[in-house]
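Protein sequence lines, in the order shown, are assigned to chains A and B. FYI, numbering that gives the first Met the number 0 numbers position 766 of the first sequence as 765, with every residue one higher than the one before it. FYI, numbering that gives the first Met the number 0 numbers position 634 of the second sequence as 633, with every residue one higher than the one before it. Here the structure is laid out as structure tokens; the discussion comes afterwards.
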Amino acid sequence: MAALEDRWVSSFSFLLFCAVSIPILGSASLVQELSPHEYFSGLQANKASLAYFSRTVSPGVQLFLEQIENSVEALHDYGISVVKVKCPKEDVSRYCGKENALRKAYLFRGNVLIREFPTDALFDVNSIVANVLFALLFHEVKYVETLTDLQNIENALKGKSNMVFAYVPATGTAEHRAVMEVAFVYGTVHQFVLTTEATLLKDAGSNDPDVSSAQLLFCHCQQATDLAQPCRRTPLEHDLTVLNIHRHLKLMGAPLVTEVAEDPEKVSTVHLQLGLPLVFILSQKETYEADRRTAEFLAWKLLGKAGVAILSRDVVDLNILRRSNIALKTPDEGVPIKYLVLEDTEEVITLVEDKSKVKQIQENEDEDEEDEDEKENDDQDVQDDQVVEAVSRDKKRELPLDQILTLTEETFHSAMLEAAQTVVLFYASWEAVSLVVLQSYTEVADHLKGTQGILLSRVNCWDWPGVCTMENVTQFPTIKIYKKGEQPITYNGMLGTEELTSFIMLSQVSCPLKLATIDEAERYLSGELPSELSSYQHSLVLGVFSTATSKGEEAFTEAGSILSGHVTTGIYFEDDVLALSHKYAVSPPALLLARSSSQSVEGISLSKQSAQDIVQMIRYELLDVFPEITVQNLPHYLQLRKPFLIFFSDGDIGQIESKEMLKLAKGRSQQAFVSCWLNLKNTPVGRGVLKAYFATIPSLPALVWVNLHAGGQVFKFPSEQSITEMNILSWLEKLKAGLEIPSSTLSEEDWKPPLPAYNFLQMMEAAGPEFTLHTSSHQEDRREQQQLEGSEEKATVREEPIEEARVKAEKAQGPGRDLRGTAPRLAGREKQARRHSEL
Amino acid sequence: MARGLFLRLVLSALCAAGAAAFLYHDYCVLGAGPAGLQAAYFLQRAGRDYVVFERSHAPGSFFAIYPRHRKLISINKRHTGKSNSEFNLRHDWNSLLSHEPRLLFRRYSRQFFPHADAMVRYLEDFAAMLGLRIRYDTAIVHVTLEKDPRAWNGHYFVLSDQNRQSYKCSCLLVATGTWVPNVVNFPGSEYVEGYETVSTNPEDFAGQTVLILGRGNSAFETAENILGVTNFIHMVSRSRVRLSWATHYVGDLRAINNGLLDTYQLKSLDGLLEGDLEDLAIVKDKKGKLHITLRFYLENRNTSAGIDGITLPQDELDNFATRAPYDRVIRCLGWKFDFSIYNRMMPGRGNKSKYPQIKPSYESRGTRGLFVLGTASHSVDFRKSAGGFIHGFRYTTRAVHRLLENRHHGVPWPSAVYPITQLTNSIIKRVNEASGLYQMFSVLADIILLRENATAFEYLEEYPVGILAELETQTGRKAPAGLFVVIMEYGRNFSGDDKDVFYYNRAVGEAQHAWQSNFLHPVIYYYKRLPTEREMRLHPPDWPLPRPDAIHHIVEDFLTDWTAPNAHILPLRRFLENCLSTDLRNFFAESCFLFALTRQKLPPFCQQGYARMQGLTGSERLRRHAVEAGLLEDYAVTDFSGDKLPDSRQGSHDQLLRDHVIPLRPLHHLVNAKDEF
């Protein structure tokens, strides 16, 4: 076993050496040139050599010669020498005599001819290395053409050793070479089987294999016992390169499940070394057998993607949640192990696959490391603002703006006199958020089509800055509602179609509405008054004041106008107010509240004095006790700055849960936290929230406690407990007592710049002193400055030769992007070099 | 304010007592030309006590005579394809600033290069329509200082006019322009006609040979007028001709008058010469022809011999260039400031003394409270920017007014405070429409003062960058947490009198090479703290500002439209983000919702919008675009993909394995075991 290990290590380093040496081939001519006599007399037994016989160099073989020269070093790594044999003119021997023999290359082992290659089969380094190794490794790499051949080999191997089955669309390709190079090392460990027959892939079980790309499968035949079944197979899911294949074989060779008896933080396996995650199954004596089976099952599922280890908690003392059953260790240094509570093996698989997807993307990026500068710039160039990008993707579509009046500096003032109510959207046509709102605005226009007395209009402040300044529009977009003879109201709600439509509708009514009779008040409370809104569902507030104590009436009036557009307010200020207050069991001054969502009228006595306080109070009272949280209403509840107890439900909330939750919400703890529920059907982004909390989506429904504003801990209510007020309350007690361990903690990271900016200051310095913006121009001051700033100065003056900077700058200007330049630039860019030297 | 009021009370008391025979005003403006009227306009709007003195009977008397050939070379672009009035001022070089849309120059002339009479009419209307307080026919002949510790600046300005009437002012704004013709004295200069008086009738030059001294716009304007009727024209000056399209300085030779360059280079007899006019001498022969010789020869001549005794250069060098005699010699050497009335309180600029010496704040170096406006203030940006011309000094005059409002009336520089989310927008808006930044490039700059924690900023428009160090005292605004300076610049080494401005690849298109932009483009300097006066003093002379902590160039644009989301706005946002160390992206409400529930902090856009119930919902269509761009996750869809395999290739592999699919087994026993423990 130890010897095998050694071989593994050495073979790996050898492979690495090969891989590294490939790109630096073909400097000077390394082909030996010998005469036929010298060549044949010098051949050593067991040493392979590739010989090419030539008399004169004909132009046709020039290319071949170049390729041969390029492959000298690669072949040398496998102990194969390359020789060019110069045939004397008069030579008529076997290799020199015949004209067509001169169009071939010959592979000898010792003095035995193994194979002759037509020169056109050796068209590049890949084909030369692949074909030569293929010929030499005749036994190690079996070539098969039929399924029967494959099955025969497979059956013969069962219980003995594993098989590596490779499909390449053609021989002589880079993939073929990679397989051969790996076979050179692993040929004695595994049986290699190669085919170019696409049908074999199909016959092996695939309905629609991608026959255009090479594929490699590791067949676990060593453990196979059932002769009737083909061996279990693990495909290589990456491109066929020496490193990838080597990595794959190494992973296949690793133990299926690693037994761990130490701190998981200290554990390192082949998987982690190869950049794959390691999944720990946290086990204990009692369940060990079952856990072992689960681990093996998982290991097979994750083979090649992640390692699986089984850790007995009886052996290692872990300070983690008792419920945790899975741990995930990523290869990235410094990332702590994540302990999870998962219920299904599928969740583990999703978890790992999500991780590896990200990883793969990162790897792809790493491959381009040579062009790092360019890469970095490309990223910087890529729009990462979702709003701006969405708008630019939509810019070619013409918006249906015919419902919206376009105003100019000249027409603005006259237009304000036309309708009872004119809505004006002030925007800038170049600004993304403005354009988003403009789209919603067209939808509003659609909703309000035909509504009397409402005129929708817009002013493009990029065209008419004067009118925007005059109307005190300082940022874009701004929506204002102008009513004849009144101060315009600025809209400050959500910039969405429904919210804006509702605001415009409700703004039609000047609030608070003065109600003169009990009958009017009743009709107002039932939504019949004002008639403009009778068909429109809305929340309303009625202020009930007695004529005896006019206290608060003024403040309420002011509050009503502040809330105008959001809530309709009415005021009842008559002598017979007591009739009303008796009916709703309040004593004036009081508020009667009817929410849009319910029929009932609530009475609240009014103790607040100032308008702002009344506004606050009405806003607070209008909040639901157990709301369904949505994208639109969350901010209202966030403002309470309390922890959230969220019931996540896929679809409508169940009746029992709803009842229990409502009981809880109405209970004495109401003041302490916001209890709400989230319907994932209405608010799919809730899934994103759950993923952030638990890495995967837990089984639903799920009840979650989030300390949003204090610490950010997230706790999940045990799913096996039923959702009852009592259970929840006792769980909350446990939370409070610190007896539960949070599932996760919300990041308190600041929002940093997503990507760096161009460092023009540095670029200018790199271009030369002429462009360097020094702190001062005088020598003495600079010296002084240097003494002052010391190291900083040194750091900024990065010595990059001008030439290099120039070349870099040019390189960075990839072709095919000319259209982004300006017209003079279109004239031609070939003089770039000159231009820089002129500068 | 209180001080001003008090002063006025004292003064009126004095007047009432009859002790003083002078009239007092807080502000005295000298000259009712464009700059004087512009200053008067701002003073009037601010409700200040001011008066304008004009020696002529009407405003703009300079334009009643000059340019002699009556064609203004300042452009009057009536159409730009845009209705943005601020933007359009970028291409209207004649209008003064006012709130009155009728006072736009395009209403006064249809010509691209308007007739000078239109300017005279315009200035008359400007003064009349706005009701500016001007004392016509009042020539100030003498200005003195009267020390008084109670005065704003420690002294009053005492002005006396041609009728010995005295006026007293706290602040003197000199807007008299440059109107004293530059003359050179050399032997025979008495034969030289001046641009001021030379005939403008081409017929008077028919068949004549003309020598013009000077190579500025007036020289070429004179030549252009008579080019077709003269035998030939020669033009002499000390330095080579500077073409404004090469130097990007509008005071250099404009293409409109350069017909002589054409005929010179095509060898159509006209020509251009360089030589020092001080060395020149002109002698008249008996036939009245004028010969060019050198002062040197005259000094050594035989006095008795008359014209025949004078050595002419061609006597020694028989192919001397200007050996042909001339019929006329015309001097077109421009103007200088009239220093005569200030009693040495206003030193000239160096020994050339064309302009008075002033600070970058436009205040005289010698006398506090004395400001120079208009053409005479051009020393600040001579040969650099447009401060010597209407389209430049209308903005610098406004800047001076704002400085004075702060200094004397406690009215801080106008500014607006915005949330940080508006930072990118504010800059983009200004660089795309602001005319003051555009015309007074490298001189006036917008200043963005950051508030603590960078959650908000204060925006100041068109502040003279030369006095950046004094910003806090000059504007009454505070710069506690760093600042941005938004300025417009031409590329380094692009402009110059022998630069080829048409070389290949003169324009940069890639945002990442924006620092190499050549044409006028916005540049943003970031300073963590206000530069000190020392740093300002020592900064390299060819840079407008000292070294910043970071700099950003918005790549030049062929259309000067810097609103491209990826090429202009995105790099700017990245720059601002990195200076402020925050994330300035916009987010749809849905993203803010996710952040609000999954992170303890919100990005500024969500913080200042969504969290205040002003989230950006966005239409379904736009959200879909964002999803397609990979910038927004669609949870409604990805939910199902967990069951599916991510790609087809993996699918094919999986098919290979189909015989080995083992049904999933739940981990429940694991879960339960843990809980019982």
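For each residue, glycine too, the CB sits at the ideal point set by N, CA and C. Values in this document were obtained by computation on a predicted structure and should not be read as measured data.
Local conformation of residue i per DSSP, three classes
i, result
"Phe219 (chain B)", "helix"
"Glu809 (chain A)", "Its pLDDT being 42, under 50, Glu809 (chain A) is placed unreliably in this model, and the value from its coordinates should be taken loosely. Three-state DSSP puts Glu809 (chain A) in a helix."
"Ile72 (chain B)", "coil"
"Trp244 (chain B)", "helix"
"Leu459 (chain B)", "strand"
"Lys690 (chain A)", "helix"
"Met469 (chain A)", "helix"
"Glu799 (chain A)", "Here the model assigns Glu799 (chain A) a pLDDT of 40, short of 50, so the residue's position is not dependable, and the following value carries that caveat. Coil, per DSSP."
"Gln37 (chain B)", "helix"
"Arg396 (chain A)", "coil"
"Thr194 (chain A)", "strand"
"Ile722 (chain A)", "coil"
"His90 (chain B)", "helix"
"His59 (chain B)", "Checking the displayed sequence, the identity of residue 59 (chain B) turns out to be Gly instead of His. In this structure, Gly59 (chain B) counts as coil in the three-state DSSP scheme."
"Lys103 (chain A)", "strand"
"Arg232 (chain A)", "strand"
"Tyr341 (chain B)", "helix"
"Asp261 (chain B)", "helix"
Same chain, Cβ closer than 6 Å to residue i, five either side skipped, listed in chain order
i, result
"Thr395 (chain B)", "Gly386"
"Cys839 (chain A)", "Look at the range of chain A in this structure, 0 to 838, and you will see that residue 839 (chain A) is not part of it."
"Leu88 (chain B)", "Ser434"
"Arg382 (chain B)", "Tyr248"
Residues bridged to residue i (per DSSP)
i, result
"Thr597 (chain B)", "In DSSP, Thr597 (chain B) forms no bridge with anything."
"Met487 (chain B)", "B:Pro521"
"Trp334 (chain B)", "B:Pro180"
"Arg108 (chain A)", "A:Ala47, A:Val111"
"Trp676 (chain A)", "A:Glu627, A:Phe646"
"Asn459 (chain A)", "A:Tyr426"
"Phe156 (chain B)", "B:Leu144, B:Cys168"
Cβ-Cβ distance between residue i and residue j below 8 Å
i, j, result
"Val51 (chain B)", "Arg132 (chain B)", "yes"
"Leu302 (chain A)", "Thr233 (chain A)", "yes"
"Pro263 (chain A)", "Leu310 (chain A)", "yes"
"Thr137 (chain B)", "Arg54 (chain B)", "yes"
"Ser845 (chain A)", "Leu499 (chain A)", "The displayed coordinates of chain A run from 0 to 838. Any statement about residue 845 (chain A) would go beyond what the structure contains."
"Ile561 (chain A)", "Ala610 (chain A)", "yes"
Residues near residue i by beta carbon distance below 7 Å, same chain, minus five either side
i, result
"Gly465 (chain A)", "Glu408"
"Ala478 (chain B)", "Leu448, Leu470, Glu471, Leu529"
Same chain, Cβ closer than 8 Å to residue i, five either side skipped, listed in chain order
i, result
"Leu289 (chain B)", "Gly187, Tyr190, Leu210, Ile281, Val282, Lys283, Pro324, Tyr325, Asp326, Arg327, Val328"
"Leu215 (chain A)", "Val163, Phe164, Ala165, Tyr166, Val178, Pro234, Leu235, Leu239, Ile244, His247"
Below 8 Å, can you find three or more Cβ-Cβ pairs linking the segment 635–648 of chain A to the segment 663–680 of chain A? yes
Specify whether the segment 578–589 of chain A and the segment 614–631 of chain A touch according to this definition: at least 3 beta carbon pairs, one from each stretch, less than 8 Å apart. no
Is there contact between the segment 531–540 of chain B and the segment 461–472 of chain B, where contact requires at least three CB pairs shorter than 8 Å? yes
Contact between the segment 21–33 of chain B and the segment 96–109 of chain B is defined here as three or more beta-carbon pairs at a separation below 8 Å; is this criterion met? no
Does the segment 714–727 of chain A come within contact of the segment 654–664 of chain A, defined as at least 3 CB pairs closer than 8 Å? yes
Pair every Cβ in the segment 189–208 of chain B with every Cβ in the segment 316–332 of chain B, then say whether three or more of these pairs are closer than 8 Å. yes
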